Ligand code: PMP
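Put into structure tokens, the structure is as follows:
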């Protein structure tokens with residue numbers, strides 16, 4: 171699904187077949203989760219294939235690496251250039267791009283000098299699909315920001331996301347919503363969360379979440395289209411009263427939510443601000459937004 175015999179990846183300065191890539195089994199990343207990564211999308215636009223917010227994604231990759239004491243010797247420009255080459259070599263236009271920074275053999279818990287960079291890409295539909303999601307409040311909390319650097323995109327952090335997703339699916343839901351250590355809503359396992367009430371959007375502030383690039387894009391779209399938005403702490407009970415809600419993320423884009431803990435939101439998705447933002451987001455990533463100045 172992720173690669174076939176023709177797929178080319180970038181690994182430590184070389185282009186090679188994905189099927190021929192190898193890794194050391196003693197890498198610190200495999201044993202202890204100390205790697206960093208990104209999730210980026212490229213879109214086919216009338217200006218050719220465009221990587222959406224490459225600079226922001228690669229700045230976050232460098233931030234995540236630094237947070238984990240990983241020396242990543244590539245500039246944002248180099249990483250962006252390599253990614254365009256990767257897309258070209260694989261003849262990809264609409265694609266999901268996965269840069270992974272992983273470490274050499276090290277069975278101690280100290281920083282590792284040997285650093286590897288892998289870039290790969292594949293065609294990937296919207297992560298949470300196109301259906302309206304039934305979401306459940308997770309029994310797992312987001313990691314306490316004093317136990318890790320929660321806004322760094324670290325491989326090991328995703329064990330929390332896997333536990334939450336698996337629990338939600340096992341209970342018959344589509345996705346989980348995780349609270350922070352104080353019981354306020356934080357985010358989904360791989361996406362940020364927004365709800366709307368009375369023509370206004372609400373999302374939690376930074377502090378316990380990944381600072382999503384899609385979240386930031388939603389902020390920009392709200393400003394451009396004069397949509398009221400507040401960053402504030404709230405609980406699942408506040409969300410039960412909502413008119414609508416959605417997740418945002420590079421892989422998920424803008425994903426509609428139907429209910430939280432079986433409490434169905436008041437408006438049909440098509441009548442929500444989220445629906446309009448989902449459309450505006452597509453226009454923006456596909457660079458069609460010049461034609462849509464009037465959103466509402
Ligand atoms: N939160 C988590 C935990 C994530 O994994 C992601 C996906 N990277 C997001 C939020 C959304 O971030 P972005 O919009 O930058 O993809």
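Residue numbers (my numbering): 171 to 466. Quick reminder that beta carbons are idealized off the backbone N, C-alpha and C, glycines included. Everything numeric in this text was worked out from a predicted model, so none of it was measured.
* Asked: Buried or exposed: which applies to residue 238, given that a residue is buried once 16 or more other Cβ atoms fall within 10 Å of its Cβ?
  -> buried
* Do you know whose CA, among 420, 197, 226, lies nearest residue 272's CA? -> 197
* Asked: Between residue 332 and the rest of its own chain, which residues show a CB-CB distance below 6 Å, the 5 nearest in sequence each way excluded?
  -> Excluding residues within five positions, none has a Cβ falling inside 6 Å.
* Would you identify the three-state DSSP class for residue 222, choosing helix, strand or coil? => If DSSP states are grouped into helix, strand and coil, residue 222 belongs with coil.
* Heavy atom of the ligand PMP within 7 Å of residue 284 beta-carbon -> No, since every heavy atom of the ligand PMP falls outside the 7 Å radius drawn around the Cβ of residue 284.
* Does the Cβ of residue 471 have 16 or more other Cβ atoms within 10 Å, making it buried, or fewer, making it exposed? -> The structure shown has nothing for residue 471, since the chain only spans 171 to 466.
* Asked: What is the C-beta distance between residue 324 and residue 260, in whole angstroms, given that I count them as a contact (C-beta under 8 Å)?
  -> About 27 Å separates the two Cβ atoms, so there is no contact after all.
* To do: Just list the alpha helix (DSSP H) runs in the segment 376 to 430, keeping only unbroken ones of 4 residues or longer that don't cross its boundaries, in chain order.
  => 383 to 394, 406 to 410
* 7 Å CB neighbourhood of residue 229 in its chain, flanking five on each side removed -> Counting only Cβ-Cβ distances below 7 Å, and skipping sequence neighbours, we find 246.
* Under the three-state reduction of DSSP, which class applies to residue 455: helix, strand or coil? -> helix
* Three or more beta-carbon pairs under 8 Å between the segment 435 to 452 and the segment 376 to 392, yes or no? -> yes
* Asked: Within this structure, are the beta carbons of residue 124 and residue 380 separated by less than 8 Å?
  -> Missing from the structure shown is residue 124; the chain here goes from 171 to 466 and no further.
* Report yes if the C-beta distance between residue 422 and residue 296 is below 8 Å; otherwise report no. => yes
* Closest Cα partner of residue 282 within the set 426, 235, 400, 303 -> 235
* Asked: Does the ligand PMP have even one heavy atom less than 7 Å from the beta-carbon of residue 360?
  -> yes
* Drop a sphere of 10 angstroms on the beta-carbon of residue 463, count the other beta-carbons inside from all chains shown, and report buried for 16 or more, exposed for fewer. => Low per-residue confidence applies at residue 463: pLDDT is 41, beneath 50, and the placement is therefore not dependable enough to give any value.
* Asked: Do the segment 252 to 269 and the segment 210 to 219 make contact, defined as three or more Cβ pairs closer than 8 Å?
  -> yes
* **Beta-carbon proximity check, residue 202 vs residue 377, cutoff 8 Å** => no
* Report yes or no: do the segment 426 to 441 and the segment 387 to 401 share at least 3 C-beta pairs separated by less than 8 Å? => no
* **Classification of residue 466 by the beta-carbon crowding that lies within 10 angstroms, buried from 16 upward** => A caution first: residue 466 carries a pLDDT of 36, below 50, which makes its placement in the model too unreliable to give a value.
* Asked: CB residue 270 to CB residue 205, shorter than 8 Å?
  -> Judged by their CB atoms, residue 270 and residue 205 are nearer to each other than the 8 Å cut-off.
* Give the secondary structure of residue 443 by DSSP, where H, G and I count as helix, E and B as strand, and everything else as coil. => helix
* Output the distance between the C-alpha atoms of residue 286 and residue 253, rounded to the nearest integer angstrom. => 16 Å
* Those residues which DSSP pairs with residue 178 across a bridge -> 187
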